[in-house]
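Please read the structure below before turning to the comments.
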Amino acid sequence: MSGRFCRIDLAGLRRALAATLLVMPLAGHAAPDAATERRLAELLARAYDHPQQVLSELKQLEPAQADATAYVRARVAVLQGELEPALQWARQGPQQARQRLVQGLVHERQGRNAEAAQAAGQVIAELEPACKDWKGPAEGPLSCDFRPLHDAQRLLARTLKRAGQLSPALQAVTAALALSRAGQDEETTARDLAEAADLHELLEQPELARRALTDALRQAAQTPRTLAAVKSYEAALAVRRNDRETQRKALEEALALARQADLPRTHALLQAALADFYLHADQPEQARKLAEAALPLLQRFGEPRALRTARHNLAVALVKLRAFDAARAQIALLEQMPVGEDDTRSRAEELRELGEAWTAVGLAKEALAHYHAERRLTLDVQQRAREAVLAELRAKYDADQQKAKVELLRRERAVQDQTLANQSMARKVTGIGAVLLGLCAVIAVLALVRMRKAHLRLRANQALLQVLSERDPLTQLANRRHFLAAMQARGAEPLTGGLLMLDIDHFKRINDSHGHGAGDQVIQAVAKRLQRTLREGDLLVRWGGEEFLIMAPSLKPAHVQLLADRLLIAVADAPISIGAEQQLRVTISIGFVCFPLPPAGLSLHWERAVNWADLALYAAKHRGRNRAVGITEAQAEDDEAQARIEADFEGAALAARIKLAQVNGPLQLG
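Residue numbers for the sequence shown follow my numbering, so the first one is 1 and each next one is one higher.
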């Protein structure tokens, strides 16, 4: 998939084992000595590629070190995907740090990110105080149980990274790095440095990322197993910098190291990563061979995410090679694979890439199906994100409102206390009491005035929250929520006037080549050009991603093509600056429809009208982009006829059930 491949997280190799012998309790056994701890750590590292061999060697340590070997077996069980035996061991007796760590690793494997983070935090809270007491090398070797603490820090870092909390994730990796250095574990130190480099790159700190990666490569130079892992990180950083040659070189070097060191699981992951590279270098035959070679091992080792990526890349390569039946078989297998909540965006990207591949070979039906599936999934992700933001805003508003109520009650109580005090004084001195009662009345009036002002502020904040929830923060345009609210206010009233759906052409290429910051600049510039072109009373909505929606209620059918032409010219006429000295030529594609539609004056409910504009936009994309395609006539008197048009849009056009008009954008030179 674009910009994505299977980086080998060998820190993840500490998530391992299971089997039938996970029955030894933790209490009542002696702690392993330092030599045994080092032996167990080495076994965990080797278990990533040779789990069965490690299980055999563990038997040599029993029964003297039953606690430690049972823990390692549980870790290997997680690695092999045998989660239930690992959980059974982790739940035995009183919960200890290593049991909680295994439980957290199982939760991570199950996609339960929040529970994995909670377990990691409990392990850190239990083990960190003992390690903090160590003052440095002068005191002797690190004596605390640092390896489970290290692995808990890395688990916490992974959960934070998946949640988009990059700075806290970097803090957790930095804490893990301090432990691996103090414990003089060179391999683990190299992996921690590589992960730190990846996070620095994501935080747009390229110089810090370069230094960390250089240190990681130097630290791992003598260990092929670790060097292969660090090389995979180097390839990941090269992808983000759009340095494809460095990516290829790093992956091929890592693959050679994995082959030399007999690391079958690592070798398969790197084959899948290299297949992804060749696929996006437009070498589908090379991609096919590598993906087919990687799939059996990925299946055997239980690498669900890497397996999904390899199968997807194989399907895309087969489409490009016009092996359509084989491609459909891979797509069917892909659709049977579960999709975790963290992988929803990746699934949307898969659907988009498959749609583009089907489009490139001219199979519009498959392309359209994947296009709409991707659109539905993307909208679902965006809806969940919006709901989360709104829930957060509502919670903040409720907290502010409750705080204001408490303050009002406090002030009322103060007024009551003052009133009682004044009444007591009035019983002693009647004259002075009258004066004090008057003062109390004034205080009460002031309190009421303040209460009213506080209530007005609360109402203003509530209105502001409503406005913010219906405004796109990047472009300051109305967002989809605003449009839906406007449409719901219309009720069942059919739509009249023009409806135009717009999409920035090749926007994914802009993000991949120039970065998401440049993509945001392009979206902002396009939004401003569209806004300047529209009339007062027209509604411009950022529909999502690189898509915009225009509703022009007073637009006549005779003028809709003129508006589409002006919009195409407004966007494409001048390049867009994305930096101090760099400019891009950007074009858009438009799908439009204007109601009522001749010859019978057809009007549609707004949801169906948006869908028709969307279908016209897809037709414009399919015909080459930088153009507008619109529906100018429709023979669809009833719901059944309209549904037939939506099911086979191009067929409806060929059968003259709808009439399409095309407006070409300005010619792009150079």
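C-beta atoms are modelled at their ideal positions from N, C-alpha and C, and glycine is treated no differently. These figures come from a predicted structure and were not determined experimentally.
- Between the segment 307-323 and the segment 268-277 there are three or more C-beta pairs closer than 8 angstroms, enough to call the two in contact.
- Residue 161 sits buried, since 16 or more C-beta atoms from the chains shown fall within 10 Å of its C-beta.
- Look at residue 131 here: in three-state DSSP terms it is helix.
- The C-beta of residue 598 has fewer than 16 other C-beta atoms within 10 Å across all chains shown, which makes the residue exposed.
- Sequence-distant partners of residue 477 (beyond 5 residues in either direction) whose C-beta falls short of 7 angstroms from its own C-beta, in its chain, are 527, 540, 541, 542.
- Using a 10 angstroms sphere on the CB of residue 149, the tally of other CB atoms reaches 16 or more, which defines it as buried.
- Rounded to the nearest whole angstrom, the CA to CA distance from residue 623 to residue 377 is 24 angstroms.
- For the pair residue 166 and residue 209, the CB atoms are not nearer than the 8 angstroms cut-off.
- The closest CA to that of residue 371, considering only 556, 643, 618, is found on 618.
- Within the segment 604-656, the alpha helix (DSSP H) runs of at least 4 residues that lie entirely inside it are, in chain order, 606-622, 639-647, 649-654.
- DSSP, read as helix, strand or coil, puts residue 549 in strand.
- With a contact defined as Cβ atoms closer than 8 angstroms, residue 229 and residue 247 miss out at about 16 angstroms.
- The way I'd put it, the segment 178-191 does touch the segment 144-159; three or more beta-carbon pairs between them come closer than 8 angstroms.
- Residue 590 sits away from residue 634, with the two beta carbons spaced by 8 angstroms or more.
- Counting only the Cα atoms, residue 393 lies some 41 angstroms from residue 439.
- A distance of 8 angstroms or more separates the beta carbons of residue 130 and residue 152.
- Residue burial is scored here from C-beta neighbours: residue 330 has at least 16 other C-beta atoms within 10 angstroms and is therefore classed as buried.
- Here residue 232 is buried, its C-beta having at least 16 other C-beta atoms within 10 Å.
- Assigned with DSSP and collapsed to three states, residue 477 falls in coil, not helix or strand.
- Residue 316: member of the alpha helix (DSSP H) spanning 304-320, first to last residue.
- The residue among 110, 649, 267, 74 with its C-alpha nearest the C-alpha of residue 296 is 267.
- Here the C-alpha atom of residue 41 lies approximately 37 angstroms from the C-alpha atom of residue 333.
- Positions of the alpha helix (DSSP H) runs, each at least 4 residues long and wholly inside the segment 239-278, are given as 244-260 in order along the chain.
- Here residue 125 is exposed. Its C-beta has fewer than 16 other C-beta atoms within 10 Å.
- Bounds of any beta strand (DSSP E) do not take in residue 81, whose DSSP letter is neither H nor E.
- The Cβ neighbour count for residue 522, taken over all protein chains shown within 10 Å, is at least 16; the residue is labelled buried.
- Inclusion of residue 320 and residue 293 in the CB contact set at 8 angstroms is not warranted, their separation being larger than that value.
- Restricting attention to 175, 577, 571, 53, the CA atom closest to the CA of residue 503 is found in 571.
- Sorting 576, 577, 621, 199 by C-alpha distance to the C-alpha of residue 592 places 621 at the top.
- With respect to residue 474, residue 520 sits close: the two C-beta atoms are nearer than 8 angstroms.
- Taking 8 angstroms as the cut-off, the Cβ atoms of residue 263 and residue 49 count as close.
- Pairing residue 43 with residue 72 gives a Cβ-Cβ distance under 8 angstroms.
- If you look at residue 143, you'll find it isn't in any beta strand (DSSP E); DSSP assigns it neither H nor E.
- The continuous alpha helix (DSSP H) containing residue 54 extends over residues 51-58.
- The residue among 397, 91, 361, 374 with its C-alpha nearest the C-alpha of residue 346 is 374.
- Under the three-state reduction of DSSP, residue 503 is assigned to strand.
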